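Numbering (full-length UniProt numbering), first residue to last: 1 to 414.
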């Protein structure tokens, strides 16, 4: 869709958000909205109207077009966007959540106008560099998975970022995470990492997924992870170090990890919430303790299953995205070949004499157009070149040349 978005279309695509996260720090005034523009075949974002500037008094029942600041979530996923233009994002000055996944975006641009953005999802795109990513002090979650990143060393200072997803890229080093002082969760599965050295400054890290990389040195890796005292969930499967016989033992002895490769390796720490004046041997304490143990185990199992399901979901989305692109390319190739075939057919028909045209049927053209088999316009026998006699004016010369032509035709017959 390259046409401009109409006012009535945008209004139909706006929906109330039932629950606002407290971390968004929005005032409790009126209803906040989500603008859902996913799967609209958008190649660009252009409006056929002007958004309200909200600079003066507003009507009591102002429309969403008059008050765009009420839109705090924008979904642009599953379109054909190649860029995010800042002039088209300026109206959403209070936007907290932007989903631009599954597009054709190849660079960062536009988001610098979203000063209050908390969550940005640009996964499943074609981003190769993060040079243009600007510091957004309110950004808490950033999803860059399924892109074409090689280097994140130019990561800007994102002082409040807690969750970073860079799964399924071509990243060779985690250099750049030093700019994320509050990083709590890092997803970096399926890259080309050889070590985790830059993580030494990530003191708040609790969840780390660096599975399916090229990490080879167990001793150095364990030394670094051992410095991350808050690390509880670790995924390292699919790396060469997994084949080391001391793999599990070393991690158990030198880190505080509770879950390794989606398997619990030690019980979760218990938080006593009963009266400590009771003896630990009393049945009431044991009963409460057993309940809490089972509850924690259930929660841990839930989190592990959800992580596994999320990885599978992202793999399936990646496969479908690649297949969609393949189908689009196949269609474009077929259209080019068919147009070439049509042009050849039209030139062929233009060149036919009246007698030759009688021997061509519409059924033949319809049945052979776009097929790989032989076609009249690609296998037409070439006619012998005839001499040009248009310049001959003398009667005796005309007769002489006519006699020659008749002789040649007679010879061809035999």
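Every residue gets a Cβ at the ideal spot worked out from N, C-alpha and C, and that includes glycine. None of these values were measured; they are calculated from a predicted model.
Looking at the backbone, the Cα of residue 332 and that of residue 362 are separated by about 26 Å. One thing to note: residue 249 has its Cβ no nearer than 8 Å to the Cβ of residue 224. At the C-beta level, residue 152 and residue 170 stay beyond 8 Å of one another.
For residue 36, the enclosing beta strand (DSSP E) covers residues 33–36.
Sequence-distant Cβ neighbours of residue 82 in its own chain, meaning closer than 7 Å and more than five residues away, are 104, 105, 106. The Cβ neighbour count for residue 187, taken over all protein chains shown within 10 Å, is at least 16; the residue is labelled buried.
Residue 16 is a Cβ neighbour of residue 33, given a cutoff of 8 Å.
The residues 258, 259, 264, 268, in chain order, have a CB closer than 8 Å to that of residue 300 in the same chain once the five nearest residues on each side in sequence are set aside. A distance of 8 Å or more separates the beta carbons of residue 90 and residue 10. As a beta-bridge residue in DSSP terms, residue 15 pairs with 34. Residue environment for residue 219: exposed (fewer than 16 other C-beta atoms within 10 angstroms of its C-beta). CA-to-CA, the gap between residue 172 and residue 110 works out to about 27 Å. In the DSSP annotation of this structure, the continuous segment of the alpha helix (DSSP H) that includes residue 86 starts and ends at 86–89.
Per the DSSP secondary-structure output, residue 97 pairs in a beta bridge with 73, 119. Beta-bridge pairing by DSSP links residue 143 to 121, 165.
Within a 10 Å sphere around the beta-carbon of residue 295 sit fewer than 16 other beta-carbons, which makes this residue exposed.
DSSP, reduced to helix, strand and coil, places residue 220 within a helical segment of the structure shown.
In this structure, the CA atom of residue 142 is about 15 Å from the CA atom of residue 95.
The three-state reading of DSSP puts residue 378 in coil, since its state is none of H, G, I, E or B.
Listed as beta-bridge partners of residue 193 by DSSP are no residues whatsoever.
Around the beta carbon of residue 320, fewer than 16 other beta carbons sit within 10 angstroms, so the residue counts as exposed. By the C-beta density criterion, residue 396 is exposed, having fewer than 16 other C-beta atoms within 10 angstroms. The secondary-structure analysis by DSSP pairs residue 233 across a beta bridge with 207, 259. Judged by beta-carbon spacing, residue 256 lies within the 8 Å limit of residue 232, meaning their Cβ atoms are closer than that value. Contact between residue 205 and residue 184 holds: their C-beta atoms lie close to 6 Å from each other, under 8 Å. Under the DSSP assignment, residue 356 falls outside any beta strand (DSSP E), being part of the alpha helix (DSSP H) whose first and last residues are 354–357.
Using a Cβ-Cβ distance cut-off of 8 Å, the segment 112–125 and the segment 44–52 are not in contact, since fewer than three pairs of beta carbons, one from each stretch, lie closer than that value.
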